[in-house]
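These protein sequences, in sequence, are chains A and B.
Count the first sequence with the numbering used here and you get residues -19 to 101, in order.
Count the second sequence with the numbering used here and you get residues 1371 to 1480, in order.
For each residue, glycine too, the CB sits at the ideal point set by N, CA and C.
A quick note: this is a predicted structure, and the numbers were derived from the prediction, not measured.
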Amino acid sequence: QLHLQESGPGLVKPSETLSLTCTVSGDSIITSNFYWVWIRQPPGKGLEWIGSVYYTGSSYYNPSLKSRVTMSVDTSRSRFSLNLISLTAADTAVYYCAREEYTFRGWFDTWGQGTLVTVSS
Amino acid sequence: QTVVTQEPSVSVSPGGTVTLTCGLSSGSVSTSLYPTWYQQSPGQAPRTLIYTTNIRSSGVPDRFSGSILGDKAALTITGAQADDESHYHCVLFTASGIRLFGGGTKLTVL
């Protein structure tokens, strides 16, 4: 059974860079059937898709975040990562990693538990 | 900028039927946008209810169904139960490859 686990800092200062990692266990990260995804949810608000990355490294980003986001996959360590630069308070959110079905885009069939990231000095 | 629209809040009586909708600020929702519905309880990650318009995810009760109604995607709960009280999110896969979430609907069962 697939398990996803986010890891990273819970508190980051404004203007700094957020780096999060999602460790994949229970199934291979090398798969042509799925994307690996980051989604976030500000407190009390809705969900926002950040981006999706394929195991080859090809990626799609939300245009509203594209200038600040980089996603990558480390197949040797079975994990994928999110880097988000130039943070502001508006980036405070629960960050989820998830797996997205390749054929039915938008179907995030497995989610991590989420990690709260607070941007504050 | 295209926005996905959902009712902010909806209420239903126990045993009743309720339909939540998912629309676009410009244009119509069709099956080609692969509408997907998620249920999210407080403090929990979302779980899939319906994907690609009308396919129930594994383990989802058949009182949940998805469809296209007019120019929107719809999630219908038939015979609502108390534990259906939750937040419901839809997401659409747009032609440009962007996955767009709606703002979510808070469903109250009372």
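- Query: Should Leu67/A and Pro22/A be called a contact, given that it needs their Cβ atoms to be closer than 9 angstroms?
  - Reply: In this structure, the beta-carbon distance from Leu67/A to Pro22/A does not fall below 9 angstroms.
Assuming Gln1333/B and Gly1472/B form a contact by the criterion Cβ under 8 angstroms, report the distance between their Cβ atoms to the nearest whole angstrom. No answer is possible for residue 1333/B: it lies beyond the span of chain B, which begins at 1371 and ends at 1480.
Top-ranked residue by Cα proximity to Thr11/A, from Ser44/A, Val53/A and Cys77/A | Closest option to Thr11/A, Cα to Cα, is Val53/A.
_I'd like to know whether the C-beta of Gly86/A is nearer than 9 angstroms to at least one C-beta of chain B._
The beta carbon of Gly86/A falls within 9 angstroms of a beta carbon belonging to chain B, placing the residue at that interface.
Beta-carbon gap between Phe1463/B and Arg79/A smaller than 9 angstroms: No, the pair does not count as a contact, with Cβ atoms beyond the cut-off.
Is there contact here, the stretch -17 to -8 of chain A with the stretch 26 to 38 of chain A, by at least three beta-carbon pairs under 8 angstroms? Contact between the stretch -17 to -8 of chain A and the stretch 26 to 38 of chain A is not established, with fewer than three Cβ pairs separated by less than 8 angstroms.
Quiz item: Rounded to a whole number of angstroms, what is the C-alpha to C-alpha distance between Arg59/A and Ile9/A?
Solution: Straight through space, the alpha carbons of Ile9/A and Arg59/A are spaced by roughly 7 angstroms.
- Query: Trp1407/B and Leu1390/B: beta carbons closer than 9 angstroms?
  - Reply: Yes, the pair counts as a contact, with Cβ atoms nearer than the cut-off.
### Query
To the nearest angstrom, how far is it from the Cα of Gly37/A to the Cα of Val1388/B?
So the alpha carbons of these two residues sit roughly 42 angstroms apart.
Exercise for review: Using a cut-off of 9 angstroms between C-beta atoms, extract the partners of Leu1419/B located in chain A.
Suggested key: Neighbours of Leu1419/B on chain A: none; closest Cβ ~11 angstroms, over 9 angstroms.
**Request:** Pick out the complete beta strand (DSSP E) segments inside the stretch 1380 to 1454 of chain B, 3 residues or longer, and give them in chain order.
**Result:** The qualifying runs are 1387 to 1394, 1406 to 1410, 1417 to 1421, 1434 to 1439 and 1442 to 1448.
(request) Starting from Tyr35/A, find everything on chain B with Cβ-Cβ shorter than 7 angstroms and list it in chain order. (result) Near Tyr35/A there are no residues of chain B at all, since even the closest Cβ is about 18 angstroms away, more than 7 angstroms.
- Give a yes or no on whether the C-beta atoms belonging to Asp71/A and Val33/A are separated by under 9 angstroms. By the CB criterion at 9 angstroms, Asp71/A and Val33/A fall outside the cutoff.
Which same chain residues end up closer than 8 angstroms to Ser1411/B when comparing Cβ atoms and leaving out the 5 residues on each side of it in sequence? Closer than 8 angstroms at the Cβ level, and outside the excluded window around Ser1411/B, lie Ser1456 and His1457.
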